[in-house]
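Each step along the sequence shown adds one to the number in the numbering used here, with nothing skipped, and position 144 is 144. Cβ coordinates follow ideal geometry from the N, Cα and C atoms, glycine included. Given the structure is predicted, the values throughout are model-derived calculations rather than measurements.
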Amino acid sequence: MVKEITIQLSPEKADDKEQQLKAIYRHLRISPEEIKGFRLIRRSIDARSRNIKIHLRFSVYIQETPPSFAVNKREYQDVSLAEPVIVIGAGPAGLFAGLRLIELGKKPIILERGKDVISRRKDLGILHREHIVDPDSNYCFGEGGAGTYSDGKLYTRSKKRGSLKRVLDILIEHGASEDIGIDAHPHIGTNKLPKIIARMRESILNAGGEIHFNTRVTDFVLKDNTITAVKTLQGDTIDAKHVVLATGHSARDIFELLHRKKIHIEAKEFALGIRIEHPQPIIDKVQYHCEDRGRHLPAASYSLVHQINDRGVYSFCMCPGGHIVPAATANGEVVVNGMSASTRSSRYANSGMVVAITMSDLKKYEKEGPLSAMRFQQEVERNCWIAGGKTQKVPAQRMVDFTQKKVSNDLNVCSYIPGLESAPLHEVLPQNVSKRLQAAFPVFGRKMKGYFTNEANLLAVESRTSSPVKVPRDKDKLNHPQITNLYPCGEGPGYAGGIVSAAIDGERCAEAIVGFKSI
């Protein structure tokens, strides 16, 4: 017999397998001899009261031998001679599309404008030290996409639990901890993701697929509303029967190419704001109701949202125990993002705090048509570059000073390596954004005592929350309604938000190409 039970333990006891087993005995009221094995299948933290509990859900095997729980890496068939499918982009959408295409008997040819994970790391070092942005190799572009070196959170709102489990299983098969299949808010960490991504690449190559780095797509060859080939910066022309467009939310040249080729795209609402950084102990104290969280509790996180003048203001991509990083994709702009290593052991907690941008904000850019939201985004990023001194230093302000419209005389020590420049963010940011943030912060301070403080820095600008462009597609067939063999995929075209949802969408597009109906 197999029983699923949920027990609650203190953080100290939840880390101890003997204490777990004793709690299982007590819960089931049976003797230890009757239990042949147990497996933890879900873990979450309940910090609503001072008496913090860890919720643990187990499968318990009573007088029954448990099955083997070893993770067996799936075998991929050889597709070296199979029909090719071009996949543009080697982020999570592109990589998972590639692996699924192999499973379904197609040969993926993945074209990635950036570099492999190791070479990419060198360019990030130059960005931090010398403030030089490589437009093809940065925190957004390169093998693994924007998530590889900027966190690795695996949260998704996807309702397709089967697809979610597939994605987590594939990540585990390629080296991720099995904890990601257990934790309520799974996280891999920017220090571990690169090796996992590299192993996924090996799986694709070993099965006969192709991955071409430093290969930026610059043109589509069209005939009768069909892409017959793609052209690359190197001058190569690659024939195409099916094209998966998985270029991510920052590939502005691709959006411009689609517009220039008269392929239908639309302006899309997104969100924009700042990244806020507190000392991690402040967030721990608020969330865990104690001065020291100890070694059994992870760095605390938070989620905040409030409506200000009929517009949402909300936290985004919260990184406990993390760092703030420069996420620009071109020189002449400043963008920030957050990341955490697997241990989440930094002294700082950071989160995006953003305001919804609606079509009413884009009137100045109406002549840009479907690129209007993107142009708005670009202008704000350029203004922040100027305010930061025309380097990758970012304009910054203390939180309370920002709400009182005071320039900060000095700034708190910060995790952002390129550096900070004190600036009046209440003037630098669009007024619709800054006024709502100014109104929201005291409200958040009432929800989380200690949150509203000048010990927190605000860094601008957090602008790559989602794509400012939507590339439409058929609801069922997933192909572009105008270009029948083009499959918009993942975050860039507007169909995902994060690693897991992008991966799920990559698999769906692969299945749509071959007409596979998933259960």
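Assigned with DSSP and collapsed to three states, P430 falls in coil, not helix or strand.
The residues P298, A299, P320, G321, G322, in chain order, have a CB closer than 7 Å to that of R344 in the same chain once the five nearest residues on each side in sequence are set aside.
The distance from the Cβ of F96 to that of E507 is about 5 Å, consistent with a contact at the 8 Å cut-off. For the pair F58 and E4, the CB atoms are nearer than the 8 Å cut-off. Taking the Cα of R382 as reference, the smallest distance to any Cα among D116, E462, F69, K22 is reached at E462.
Just so you know, the alpha carbons of L429 and E256 end up roughly 25 Å apart. Contact annotation: V221 and T232 have beta-carbon atoms that are not nearer than 8 Å.
Measuring C-alpha to C-alpha distances from N432 to each of K285, N309, T148 identifies N309 as the nearest.
Between the region 367-386 and the region 346-356, the count of C-beta pairs closer than 8 Å stays below three; the two stretches do not touch. Contact between G94 and I110 holds, since their C-beta atoms are separated by about 6 Å, short of 8 Å. C-alpha of Y314 to C-alpha of V2: approximately 42 Å in a straight line. With a contact defined as Cβ atoms closer than 8 Å, L193 and T148 qualify at about 5 Å. When the five nearest sequence neighbours on each side are left out, the beta carbons in the same chain lying within less than 7 Å of the beta carbon of D474 are those of P481, in order along the chain. Secondary structure at P279: strand, using DSSP grouped into helix, strand and coil.
Counting the other CB atoms within 10 Å of its CB gives I35 a total of 16 or more, which places it among the buried residues. Measuring C-alpha to C-alpha distances from L245 to each of F270, K405, R113, S434 identifies R113 as the nearest.
In the structure shown, the three-state DSSP call for G37 is strand. In the structure shown, F376 falls within a helical segment according to DSSP collapsed to helix, strand and coil. Less than 8 Å divides the Cβ of E366 from the Cβ of S372. Secondary structure at Y451: coil, using DSSP grouped into helix, strand and coil. For M200, the secondary structure class from DSSP, reduced to helix, strand or coil, is helix. Annotation note: the region 185-238 contains the following uninterrupted alpha helix (DSSP H) runs of length 4 or greater, listed N- to C-terminal: 193-206. DSSP, reduced to helix, strand and coil, places D284 within a helical segment of the structure shown. Taken through DSSP and simplified to helix, strand or coil, I132 comes out as coil. Within a 10 Å sphere around the beta-carbon of L205 sit fewer than 16 other beta-carbons, which makes this residue exposed. Straight across, the Cα-Cα distance linking K107 with I172 is about 23 Å. Approximately 5 Å separates the beta-carbon atoms of A440 and H306; this is inside 8 Å, confirming the contact.
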